[in-house]
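I have placed the structure first, in the form of structure tokens, so that the comments after it can refer back to it.
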Amino acid sequence: ADADADAAADDVGALDARLEELAYLTYACPVTGHALGAAGEAGEAGEVNIANVVEYLEDVVAYVFRDGVAAQIEGFRAGVCEVFPADALKAFTAREIVDLACGKDAVAWTMDDLRRCVLPGFQYTAESPPYRWLLETLATVPDETKRAFLEFVAVCPRLPPGGLAALPRGPIRVNRMDPVGKLPEGRTCSQELRLPAYASKEELAKKLTLALEYRDHLGIQ
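Each residue of the sequence shown is one higher than the last, beginning at 468 in our numbering.
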């Protein structure tokens, strides 16, 4: 009995601590600050308290996933219907529609795919060691690294239906650049990787990994 009483006291203490946090929460969307419920109609956000916290959570979910994006969803639907009848979409599952419109999270390619779609360019040939090392590296990296590479050179972290061969601007070009101490550079406007002539496959893999890791801060033009 004493143990049950202690547990109940702990629960009450935890609840009191959570209720204190509500004192700083207004009845508004935490993402946009838009006032919700009856307060939203008046344009002023009220306070969240123990009496309305459940209703508040329901209103937040409804606003974020339905009411707050209804106009955007309707605009998207109208745009799609201009090029593709809505009734025809019923032939696809939701997952298939997402894959067709946005590409798949899984990035699958083979060495043959890479040879056909990642081509040697300036001062490189199909026999150039750095070019061959690049393809060998790309053939074995995980999906996360593949997506990073696609974003680095093509601003397309997911492959469209059809894979590498279906990239809108055609094949990716691998052009040589100097000096060899630099990291690879991605030029998304021309779908190009500028790759120094590194001395080994290990050095190439290390420098490419660094370039992809910091792609949001350097090397994309």
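Built from N, CA and C at the ideal position, the CB exists for glycine as well.
For Pro448, collect the residues of the same chain with a Cβ closer than 8 Å to its Cβ; drop the 5 residues on either side in sequence, then sort them by chain order.
Residue 448 cannot be examined here, being either before or after the span of the chain that is shown, 468 to 688.
Neighbour-count burial assignment, Thr592, 16 or more Cβ in a 10 Å radius:
exposed
I believe Gly648 touches Val620 by the beta-carbon criterion, under 8 Å. Please report the beta-carbon distance rounded to the nearest angstrom.
About 21 Å; that fails the 8 Å criterion.
Just grab the DSSP bridge partners of Thr493 for me.
Glu514
Return helix, strand or coil for Glu525, following the three-state DSSP convention.
helix
Within the continuous alpha helix (DSSP H) that includes Gly542, where are the two ends?
Taken as a continuous stretch (DSSP letters only), the alpha helix (DSSP H) holding Gly542 covers Ala537 to Val550.
Quick one: Cα of Ala558 to Cα of Val550, how far?
16 Å
For Pro597, the first and last residue of its enclosing alpha helix (DSSP H)
Pro596 to Thr607 is the extent of the alpha helix (DSSP H) around Pro597.
I'd like to check one pair, Gln658 with Arg636: are the Cβ atoms closer than 8 Å?
yes
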